Amino acid sequence: MKKHSARVAPLSACNSPVLTLTKVEGEERPREPPGPAEAQAPAGTEAGGRTSRHNWTCSQERLRKVFWGVAVVFCVCASWSGSTQLARLTFKTFDAPFTLTWFATNWNFLFFPLYYAGHVCKSTEKQSVKQRYRECCRFFGDNGLTLKVFFTKAAPFGVLWTLTNYLYLHAIKKINATDVSVLFCCNKSFVFLLSWIVLRDRFMGVRIVAAILAIAGIVMMTYADGFHSHSVIGIALVVGSASMSALYKVLFKLLLGSAKFGEAALFLSILGVFNILFITCIPVILYFTRVEYWNSFDDIPWGNLCGFSILLLTFNIVLNFGIAVTYPTLMSLGIVLSVPVNAVVDHYTSQIVFNGVRVIAIIIIGLGFLLLLLPEEWDVWLIKLLTRLKVRKKEETAESSGDLGTGPQSRSRRARPSFAR
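Just so you know, the sequence shown maps onto residues 13 to 433 in this note's numbering.
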């Protein structure tokens, strides 16, 4: 009976309840020929009822995840494309990409307060801010968040975060938003290559093909504008931003591993604190050296700056915590779908030319991104699917031949030899 109770556990997690239940019933008692009462039992027996209820629960859970996935995809797409377009609009009157990066990164401080507010609203065992903070600090080690840990495990990621956003925003000044958004999708290919080299992740041929497609798309995107210096610099900035983003993700996995929701929220808030304490001096220096200069604070488009920061904060919140309500693959689709949204906006607001080379480059990079979304066991699943289709086809062929064999003509043909004797 202990073995029986241990096997029932996967039912609550919706891991193939029908198969699990069948195995449990088979182990509990030997299979015997059914009696008259069992043979005529209706489908609503206890076991069948449990199975149908578990199937219904699993289907409801999957439908709920798909529904939330659609909402998350829309939110990711809208926030990412909206922040890109709003940054492009901001630079028409406020030419200060690093200052915009610094201003938006300061809003990362809100991650942990927002997470704690959600914890208070949803959790049954409510903890104080201090208790929750100490529990999340265990992510950094037994000693918590010390000064040494802050400079060795948080500060490098703060620098990478700033470089990623600054290079992305600076590229928007050089090239259109469509090219910037589609080229940034190459960061997923860079993540795979770095993970394969540094983390010794599993080699997958389809992901190597995706990386090749990404590199080919970058070259074709450069060729689309005729290798002009303005375009080449912009493309180089986006590729640099995608590389910094990939390096951030791989180093996080290498040095810190995986984080829970509270730990991730605390880590991102720490990046905001690092930005306020140590990056603030750079916009000040750029202002006084007139690299990023504005006449008065009244000339700053505060609405655009705050709107961009809110959209970027929303994008990062959904991307980091959306996995709680839906599948990670659906969240990644939002980034790809932002490309056609930016293309439509650029078509009506700028003088972008969608020639054949640019369209092919966008399709190639998008295809490479989608290939990287395939699960690691996709080839095994494909083989199983093809095997099932072959088996089903053979069964249908056997049934059709059996139906033909039971017809009157087949009966007469089988009866002829015995009649001849």
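Where is the CB? At the ideal position from N, CA and C, for every residue including glycine.
None of these values were measured; they are calculated from a predicted model.
Classified as buried, ASP191 has 16 or more neighbouring CB atoms from the shown chains inside 10 Å of its CB. With respect to the C-alpha of GLY274, the residue from VAL132, ALA116, LEU384 and ARG100 having the closest C-alpha is VAL132.
Between LEU195 and ILE376 the beta-carbon gap is near 12 angstroms, outside 8 angstroms, which marks them as no contact.
Around the Cβ of TRP114, a 10 Å sphere holds 16 or more other Cβ atoms; the residue is buried. In this structure, LEU323 lies away from PHE204, with their beta-carbon atoms at least 9 angstroms apart.
If you check the CB distance, SER281 and PHE124 come in under 9 angstroms.
By the beta-carbon neighbour count (other beta carbons within 10 angstroms, threshold 16), THR105 is exposed. Assignment of alpha helix (DSSP H) within the stretch 198-241, counting only whole runs of 4 or more residues, yields 199-210 and 217-236 in chain order. DSSP places ASP191 in the uninterrupted alpha helix (DSSP H) bounded by 189-196. In terms of CA proximity to TRP208, LEU263 leads the group LEU263, GLY246 and VAL231. In the DSSP assignment, PRO387 falls outside any alpha helix (DSSP H) and carries neither an H nor an E. For ASP107, the three-state secondary structure derived from DSSP is coil. When the beta-carbon positions are compared, THR96 and SER193 come within less than 9 angstroms of each other.
Look at ALA271 here: in three-state DSSP terms it is coil, with no helix or strand label. Per DSSP, TYR305 lies in no alpha helix (DSSP H) segment and is marked neither H nor E. Measuring C-alpha to C-alpha distances from THR341 to each of ARG404, LYS77, CYS148 and GLN72 identifies LYS77 as the nearest.
Of LEU345, GLY246, GLU408 and THR117, the smallest CA-CA separation from LEU382 is found for LEU345. With contacts defined by Cβ atoms closer than 9 angstroms, THR117 and THR174 form a contacting pair. The three-state secondary structure of ASN155, taken from DSSP, is coil. In the three-state reduction of the DSSP assignment, ASN367 falls in the coil class.
Rounded to whole angstroms, the Cβ separation of ILE245 and ILE230 is 14 angstroms, and the two are not in contact under 8 angstroms.
With three or more CB-CB distances shorter than 8 angstroms, the stretch 83-94 counts as touching the stretch 349-369. Residue state for LYS138 is assigned as coil, using DSSP reduced to three classes.
In the structure shown, THR399 falls within a helical segment according to DSSP collapsed to helix, strand and coil. Between the alpha carbons of LEU98 and ILE227 lies a gap of roughly 28 angstroms. Contact between LEU317 and PHE110 is ruled out by a C-beta separation of about 13 angstroms, above the 8 angstroms threshold. Rounded to the nearest whole angstrom, the CA to CA distance from GLN139 to CYS149 is 14 angstroms. For TYR178, the enclosing alpha helix (DSSP H) starts and ends at 167-186.
Taking a cut-off of 8 angstroms on C-beta distances, the stretch 328-343 does not touch the stretch 154-169, as fewer than three cross pairs fall below it. The C-beta separation of SER253 from ILE187 comes to about 12 angstroms, leaving the pair out of contact by the 8 angstroms criterion. Annotated as proximal: LEU283 and GLY170, with beta-carbon spacing under 9 angstroms. Nearest neighbour of LYS200 by Cα position, chosen from LYS185, ALA189, VAL221 and ILE372, turns out to be VAL221. The alpha carbon of LYS142 has as its nearest neighbour, out of ILE347, LEU278 and ARG100, the alpha carbon of LEU278. TRP119 sits away from THR338, with the two beta carbons spaced by 9 angstroms or more. Within the model, the alpha-carbon separation for ILE347 versus LYS406 is close to 43 angstroms.
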